[in-house]
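The structure appears right after this line, and notes come after that.
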Amino acid sequence: MRTLDLMALKSPGAPDQSDCATGAASYVVLPSTGHPKLLLPRSNRPCLARGLDLYTPYSMLGRCQKWAFRLTAELVSAGVPVPRRQLAVYDAGLKRLVQDITGIRDLVLAFSLGTHSNFRKLRAQVMRPSGEIIGYLKLPRTAAASDRIRHEAES
Numbered sequence: 005m006r007t008l009d010l011m012a013l014k015s016p017g018a019p020d021q022s023d024c025a026t027g028a029a030s031y032v033v034l035p036s037t038g039h040p041k042l043l044l045p046r047s048n049r050p051c052l053a054r055g056l057d058l059y060t061p062y063s064m065l066g067r068c069q070k071w072a073f074r075l076t077a078e079l080v081s082a083g084v085p086v087p088r089r090q091l092a093v094y095d096a097g098l099k100r101l102v103q104d105i106t107g108i109r110d111l112v113l114a115f116s117l118g119t120h121s122n123f124r125k126l127r128a129q130v131m132r133p134s135g136e137i138i139g140y141l142k143l144p145r146t147a148a149a150s151d152r153i154r155h156e157a158e159s
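Residue 5 is where the sequence shown starts when you use the working numbering, and the numbers rise one by one after that.
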């Protein structure tokens with residue numbers, strides 16, 4: 005299983021190849037670990053499905069891809085063995101930050117890694133275990149993205 009430390013994620017690059025360890029949560033990677041777009045929480049069926057809300061395609065190809073993602077997510081959450089990639093994500097630091105801000109202790113995260121550009125942002129969808137969306141976070145992965153997020157917050 006591949007691993008990814010969200011708190012250390014500052015620029016695009018290959019995740020560490022170490023094994024899943026304490027503080028890591030298991031995520032389904034769509035469409036693949038080589039070209040990840042979404043990280044969906046594997047252990048929570050409602051949140052796995054709601055995590056797809058992070059992907060809003062505009063093209064016909066993108067809408068078809070989202071349909072295939074949704075089908076894959078439903079099969080995974082139903083326990084059907086399908087070829088899929090998993091990633092151990094060290095989300096404990098980010099989760100703790102959200103817990104401290106919101107006061108909500110039991111929460112689940114799903115992630116969109118964004119498009120490859122100078123303005124690349126990691127988006128996190130914060131949910132209750134029931135799948136109810138609490139809110140969203142945007143974390144910049146470049147200095148240019150940081151400026152854009154700051155500008156969004158000011159408007």
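A virtual CB, placed ideally from N, CA and C, is assigned to each residue, including glycine.
Applying the 10 Å Cβ sphere with the 16-neighbour rule, what's the burial state of residue i?
| i | result |
| --- | --- |
| residue 95 | buried |
| residue 83 | exposed |
| residue 116 | buried |
| residue 98 | buried |
| residue 46 | buried |
| residue 72 | exposed |
| residue 147 | exposed |
| residue 85 | exposed |
In chain order, what residues of the same chain have a beta carbon less than 8 Å from the beta carbon of residue i, not counting five sequence neighbours either side?
| i | result |
| --- | --- |
| residue 77 | 32, 34, 44, 52, 53, 55 and 56 |
| residue 137 | 54, 57, 129, 130 and 131 |
| residue 156 | 142 |
Going along the chain, which residues of its own chain have a beta-carbon closer than 7 Å to the beta-carbon of residue i, five neighbours each way excluded?
| i | result |
| --- | --- |
| residue 48 | 112 and 133 |
| residue 109 | 103 |
| residue 25 | With a pLDDT of 43 at residue 25, under the threshold of 50, the modelled position of that residue is not reliable, and no figure is offered here. |
Assuming the contact rule is C-beta atoms closer than 8 Å, residue i and residue j should be a hit. Round their C-beta distance to whole Å, please.
| i | j | result |
| --- | --- | --- |
| residue 58 | residue 42 | 6 Å |
| residue 28 | residue 93 | 6 Å |
Out of the options, state which residue places its alpha-carbon closest to the alpha-carbon of residue i.
| i | options | result |
| --- | --- | --- |
| residue 69 | 127, 85 and 36 | 36 |
| residue 30 | 139, 141, 114 and 140 | 114 |
| residue 105 | 74, 139 and 135 | 139 |
| residue 121 | 101, 152 and 107 | 152 |
| residue 50 | 101, 135 and 74 | 135 |
Going by beta carbon distance, what residues of the same chain come within less than 6 Å of residue i, once the five residues before and after it are set aside?
| i | result |
| --- | --- |
| residue 39 | none |
| residue 143 | 126 |
| residue 149 | 123, 124 and 125 |
| residue 67 | 61 |
What residues match up with residue i in a beta bridge as DSSP calls it?
| i | result |
| --- | --- |
| residue 115 | 43 and 128 |
| residue 157 | For residue 157, which the question treats as bridged, DSSP gives no partner whatsoever. |
| residue 83 | Answer is none; residue 83 lacks a bridge partner. |
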